[in-house]
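**Q** Residue numbers (our numbering): 162 to 458.
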Ligand SMILES: [Zn+2]
């Protein structure tokens, strides 16, 4: 089966360096931080890190993956990797719409750096998804024909905890219902809610039921799911409400040596098989939908 992973992270050298600086004095250098995290040191050359991911794709017969530039302004770092492997790697950039030059940043990231999607983290950057100042991002996404990824629900950023850094997350901005006005006004923009709403499943379902331009990604271990709710229930309900055309497979893979999280793929295949999902629909979830959203050949 053709697989495209719609949710993985590009934890670049500059990404680690950024946290090394934030941790002010805790680590003598970036290598010491990588060691503390148990990570293989990412190459300083982003093309080499991109190649590392392409090798991983080959190992598991993945066709492509979406890689997130996982801090502000890290798209600069990701772009050379995308340019080196245009048929295998796809990039999304993170933006804070409250940044003074947000529109220029978005325009530059789409048109010069070749990013194919934009990511918003309302709880981290403290804004509501439908407020006026975010519209410029939706407008740029509309021009670029790019999806907008919006993280709602729980947001744990493990590195903040590991380094004892103050957690910037404010969950009052984390309600998927905040997306309603934007989804209505920007009906030609496709919105992606990761991890089935990450603990705000009911609200995410409500938004997706109302707006056909709202998608879910299935990524991560989905540890927000607590008994009696199971991953199977979550998939079943999502299939009922969104249909197989609006679910995007993802793993949330991020660092080496762990690499691509095949365990998550296997689990999702198993759940879909147990629900009797047809082969045609699995093809959509594991590759077809994201290919359609991004206009991939
Ligand atoms: Zn993620």
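Using N, Cα and C, we set each Cβ at its ideal position, and we do this for glycine too.
1. Does any heavy atom of ligand 1 sit closer than 7 angstroms to the C-beta of residue 235?
2. Alpha carbon to alpha carbon, how far is residue 343 from residue 353?
3. Work out the CA separation of residue 239 and residue 190 for me, nearest whole Å.
4. By Cβ distance below 8 angstroms, which residues in the same chain neighbour residue 327 in space, the five residues on each side in sequence not counted?
5. For residue 193 and residue 187, I'd like the C-alpha separation in whole angstroms.
6. Quick one, which of 195, 313, 270 and 260 has its alpha-carbon nearest residue 294's?
7. Can you tell me whether DSSP reads residue 168 as helix, strand or coil?
8. Taking buried to mean at least 16 other C-beta atoms within 10 Å of its own C-beta, is residue 166 buried or exposed?
9. Could you say which of 457, 393 and 197 lies nearest to residue 184 if we only look at CA atoms?
10. Using the beta-carbon count (16 or more within 10 Å), is residue 370 buried or exposed?
11. Just to check, is the beta-carbon of residue 170 closer than 7 angstroms to a non-hydrogen atom of ligand 1?
12. Can you grab the Cα-Cα spacing for the pair residue 428 / residue 405, in whole Å?
13. By how many angstroms is the C-alpha of residue 310 removed from the C-alpha of residue 316?
14. Between residue 368 and residue 362, what straight-line distance do the alpha-carbon atoms span, to the nearest angstrom?
15. Just to check, is the beta-carbon of residue 380 closer than 7 angstroms to a non-hydrogen atom of ligand 1?
16. Any idea if residue 242 is buried or exposed, counting beta-carbon neighbours within 10 angstroms, 16 or more meaning buried?
17. Measure the alpha-carbon distance for residue 157 versus residue 290 and round it to whole angstroms.
18. Per DSSP, what are the beta-bridge partners of residue 226 in this structure?
**A** From the atom records:
1. Outside the cutoff, so no.
2. 13 angstroms
3. Here the alpha carbon of residue 190 sits roughly 22 angstroms from the alpha carbon of residue 239.
4. 321
5. 9 angstroms
6. 260
7. strand
8. With 16 or more Cβ atoms within 10 Å of its Cβ, residue 166 is classed as buried.
9. Of the candidates 457, 393 and 197, the one whose C-alpha sits nearest the C-alpha of residue 184 is 197.
10. Residue 370 is exposed by the Cβ-count criterion.
11. yes
12. 17 angstroms
13. 14 angstroms
14. 10 angstroms
15. yes
16. buried
17. Any property of residue 157 remains undetermined from this structure, which presents the chain solely from 162 to 458.
18. DSSP links residue 226 through a beta bridge to 166 and 250.
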